[in-house]
Structures are given as C-alpha cells and as structure tokens.
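**Student:** Structure below; questions to follow.
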Amino acid sequence: MKLRVLLSSALILTAMQVEARTMADIQQAGTLKVGVPGDYAPLAYHDADGKLVGYDVDMAKALAKDLKLNVEFVLTSWPSLSSDLAADKFDVAMGGVTATAKREAEFGLTKPIVPNGKIALAGCAVAGSLGDLEKIDQPSVKVVVNPGGTNQSFVDGNIKKAQVIRVKDNYDNLQALRDRTADMMVTDLIEGDYYQNKEPGVLCMATQQPFAGTESHKVYMVKKNDTQLLESINVWLAGETKSQLAKQWKIRTE
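Quick note on numbering: the sequence shown equals residues -20 to -1, 1 to 234 in mature numbering (1 follows the signal peptide of the UniProt record, and there is no 0).
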C-alpha cells in the first residue's frame, strides 16, 4: 500500500511538472534560482535585520560562483515547496530539505549534505521531563508543529495523546516555546543544536540523539529531468566548500 501511495503521488506531481530549465537555459540567463522557505536556522533564515542568511545561503552563493552564475533566492514555504519546484519557480530547493522516499520518487536529490534526525526541542524549564517519546506523548504535554514538512509527518505519526498545537510556520513554533504556550516541538538535530546554543536557558534539547528511525540527511532538490544541474551540484559538493562552511556555521558533519 505504501509503495502504491508513493507511486501515485509521484505520478501526480510528475504530471504537474513543467519542463525544467536546462543547464544551457540557466547559463544563458546567467542566474541560478534557489528556492528556500527561509525559516530554518542555521540553514536559511532571516536575521534581525531581515537579511536572508545561513549555511545553505552561503552554499548557494558559492555554488553559483563556481558555475559562473548569479544567484537569486526565491521564497517558498514547506507546504508549497514541492509544487513550486514542479512549477519551475526555481531551479533548486535548499534551506532544510530532508531526503525522504517520497521526495526521491518525485525529484532529483543530491548526495547528502549534512546528517540529521528528529529531536525534541523544549522550553528549558520542562526539557528535563521530556526525555523520550513516551514522556512527551502524554495528555498534559503541549506539542507545537508547523505544516507541510517532515516535522508534521513525525508528529502526525507518533503523537497520539499529547495536545497538538498547529501554527503557521517555524517561527511561530519557536515563539510558542519562548512564550511557554507550548512545551516542545519536534525539529531537526541541526536546528536543535543551533537554538540551544543561541538561546541558552530558554530553548533546550530534551532529547540529545535523534528518535529511532528518524536518522536522515539534508539534501538539495531539483526537478527529476534536470539531470545536468543535479550532476553539476554533486560534482561541486565533492569539493571542500561544504565542510569549510559547516565549520563556520558550527554544523555537525558526522
């Protein structure tokens, strides 16, 4: 049944896809269009001045420079990420894309960028009591989640008894923890590391290792027929830029 659902989803999205810009088209235009939701620190997010920054932002700029192109960032959202890419609104999706079987069936995924997995990020006052899934999934616990991504998929599949609060985006998730209107959120190890270091005493990782079965990695995503672009990105990823920028952004590489 699961395979049938994946195949049906892939066929529907394939039918939706318009022809991707070829590498020749991109080179002729002189600009690589990069889609990012822009709410995922430290990969791609807006700083206090509203500037788009992050590891993947720097990676996109470095990739474009290597390809002798300019870079244009296109804001998308997690619910519309796949459909926007299918509609050719941008050439490559970055900024926190997790490799999944569904995405692999529908799109071209690069080689792994950084390892990842799902963890519980909580307000520090309650983090000590939320150390595993059994303790989290209790009627007294408030779990906040934003729509459209793998965090929602995990919550929908694993949280049965806790109170689930659904908000607009990842910024609202974090604010709910700061305001103590929610106890915890499911997020990625990368993001948990970042916020625990950025807001000590406020945001704490309730679980230090990914939940069993959620181990994954971040990738970049292109349209299925955009094989030349995918190959160009993979060749570039084999260089040193990925690890150099990871050190600058204090992102785990293993």
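From the three backbone atoms N, C-alpha and C, an ideal C-beta is built for every residue, glycine too.
Rounded to whole angstroms, how far is the Cβ of T130 from the Cβ of T80, which I believe are closer than 8 Å?
**Tutor:** Position 150 of the sequence shown, counted from the first residue, corresponds to residue 130. Position 100 of the sequence shown, counted from the first residue, corresponds to residue 80. So it is a contact: roughly 7 Å between Cβ atoms.
**Student:** Between the alpha carbons of G76 and V16, how many angstroms are there, rounded?
**Tutor:** In the sequence shown, counting from the first residue as 1, residue 76 sits at position 96. In the sequence shown, counting from the first residue as 1, residue 16 sits at position 36. The straight-line gap from Cα to Cα measures roughly 8 Å.
**Student:** Measuring alpha carbon to alpha carbon, tell me which residue in H197, N205, W216 is nearest V94.
**Tutor:** Within the sequence shown, residue 94 is the residue found at index 114, counting from 1. It is H197.
**Student:** Ordered along the chain, which non-local residues of its own chain (more than five positions away) have a Cβ less than 6 Å from that of T90?
**Tutor:** Taking the sequence shown and counting its residues from 1, one reaches residue 90 at position 110. Excluding sequence neighbours, T90 sits near V199, Y200, I213, N214.
**Student:** Specify the secondary structure class of E52 as computed by DSSP and reduced to three states.
**Tutor:** Locating residue 52 in the sequence shown gives position 72, where the first residue counts as 1. Correct three-state label for E52: strand.
**Student:** To the nearest angstrom, how far is it from the Cα of I116 to the Cα of Q7?
**Tutor:** Taking the sequence shown and counting its residues from 1, one reaches residue 116 at position 136. Taking the sequence shown and counting its residues from 1, one reaches residue 7 at position 27. Rounded to whole angstroms, I116 to Q7 spans 50 Å at the Cα level.
**Student:** Does the structure place the region 13 to 30 close enough to the region 63 to 75 that three or more beta carbon pairs sit under 8 Å?
**Tutor:** yes
**Student:** Locate the beta strand (DSSP E) running through L87, then write down its first and last residues.
**Tutor:** One-based indexing of the sequence shown puts residue 87 at position 107. The amino acid at residue 87 is misidentified as Leu; the sequence shows Phe. Where F87 is concerned, the enclosing beta strand (DSSP E) stretches over 87 to 89.
**Student:** Straight-line CA distance for T233 to Y25?
**Tutor:** Numbered from 1 along the sequence shown, position 253 holds the residue referred to as residue 233. Numbered from 1 along the sequence shown, position 45 holds the residue referred to as residue 25. Computed Cα separation, rounded: 20 Å.
**Student:** Indicate the three-state DSSP secondary structure (helix, strand or coil) for V135 in the structure shown.
**Tutor:** Position 155 of the sequence shown holds residue 135. V135: helix per DSSP, three-state reduction.
**Student:** Can you find the residues in the same chain that come closer than 6 Å, C-beta to C-beta, to A42, ignoring five residues on each side of it along the sequence?
**Tutor:** Counting from one through the sequence shown, the residue named residue 42 turns up at place 62. The answer, listed in chain order, is T221.
**Student:** Should the region 94 to 107 be called in touch with the region 176 to 195, which here means at least 3 C-beta pairs below 8 Å?
**Tutor:** yes
**Student:** Sorted by chain position, which residues of the same chain lie with C-beta nearer than 6 Å to Q143's C-beta, five sequence neighbours on each side aside?
**Tutor:** Residue numbering aside, residue 143 sits at position 163 when the sequence shown is read from its first letter. Counting only Cβ-Cβ distances below 6 Å, and skipping sequence neighbours, we find K122.
**Student:** Restricting to runs no shorter than 3 residues, where is the beta strand (DSSP E) found entirely within the region 12 to 81?
**Tutor:** Those beta strand (DSSP E) runs which fall completely within the region 12 to 81 and span 3+ residues are 24 to 26, 50 to 55, 72 to 78.
**Student:** How close, in whole Å, do the beta carbons of E171 and G97 come, if the pair is a contact with beta carbons under 8 Å?
**Tutor:** Residue numbering aside, residue 171 sits at position 191 when the sequence shown is read from its first letter. Residue numbering aside, residue 97 sits at position 117 when the sequence shown is read from its first letter. Going by Cβ atoms, the distance from E171 to G97 rounds to 11 Å, so no, they are not a contact pair.
**Student:** Just to confirm the assignment, what range does the alpha helix (DSSP H) spanning D206 have?
**Tutor:** Residue mapping note: residue 206 aligns to position 226 of the sequence shown, counting from 1. Looking at the DSSP string, D206 is not in any alpha helix (DSSP H), and its letter there is neither H nor E.
**Student:** If I follow the unbroken alpha helix (DSSP H) through D152, where does it start and stop?
**Tutor:** Position 172 of the sequence shown, counted from the first residue, corresponds to residue 152. For D152, the enclosing alpha helix (DSSP H) starts and ends at 150 to 159.
**Student:** Report buried or exposed for A(-1), applying the criterion of at least 16 other Cβ atoms within 10 angstroms of its Cβ.
**Tutor:** Walking along the sequence shown from the start, residue -1 turns up at place 20. So A(-1) ends up on the buried side.
**Student:** Just to confirm before moving on: does the CB-CB distance between I139 and A162 stay below 8 Å?
**Tutor:** On the sequence shown, residue 139 is found 159 positions in, with the first residue counted as 1. On the sequence shown, residue 162 is found 182 positions in, with the first residue counted as 1. Result no, Cβ atoms of I139 and A162 do not sit closer than 8 Å.
**Student:** Take A226 and list the residues in its own chain whose beta-carbon comes closer than 6 Å to its own, dropping the five residues that flank it on each side.
**Tutor:** Within the sequence shown, residue 226 is the residue found at index 246, counting from 1. Closer than 6 Å at Cβ, skipping near neighbours: T233.
**Student:** Less than 8 Å between the CB atoms is what I'm expecting for N126 and D152, so what's the real figure, rounded?
**Tutor:** Taking the first residue of the sequence shown as 1, we reach residue 126 at position 146. Taking the first residue of the sequence shown as 1, we reach residue 152 at position 172. Indeed, because the Cβ distance is near 7 Å, the residues count as touching under 8 Å.
**Student:** Express the C-alpha separation of G128 and A85 in angstroms, rounding to a whole number.
**Tutor:** By 1-based counting over the sequence shown, the position of residue 85 is 105. By 1-based counting over the sequence shown, the position of residue 128 is 148. Cα-Cα distance, rounded: 17 Å.
**Student:** Given 7 Å as the limit, tell me if G181 has its C-beta closer than that to any heavy atom belonging to the ligand SAM.
**Tutor:** Here there are no bound small molecules, and the ligand SAM is not part of this structure.
**Student:** In whole angstroms, what is the alpha-carbon distance linking K48 and W216?
**Tutor:** On the sequence shown, residue 48 is found 68 positions in, with the first residue counted as 1. On the sequence shown, residue 216 is found 236 positions in, with the first residue counted as 1. Cα to Cα, the separation comes out at about 12 Å.
**Student:** Considering only the alpha carbon of each residue, which of K148, K204, L210, D112 lies closest to P190?
**Tutor:** In the sequence shown, the residue the question calls residue 190 occupies position 210. P190 has its Cα closest to that of D112, out of K148, K204, L210, D112.
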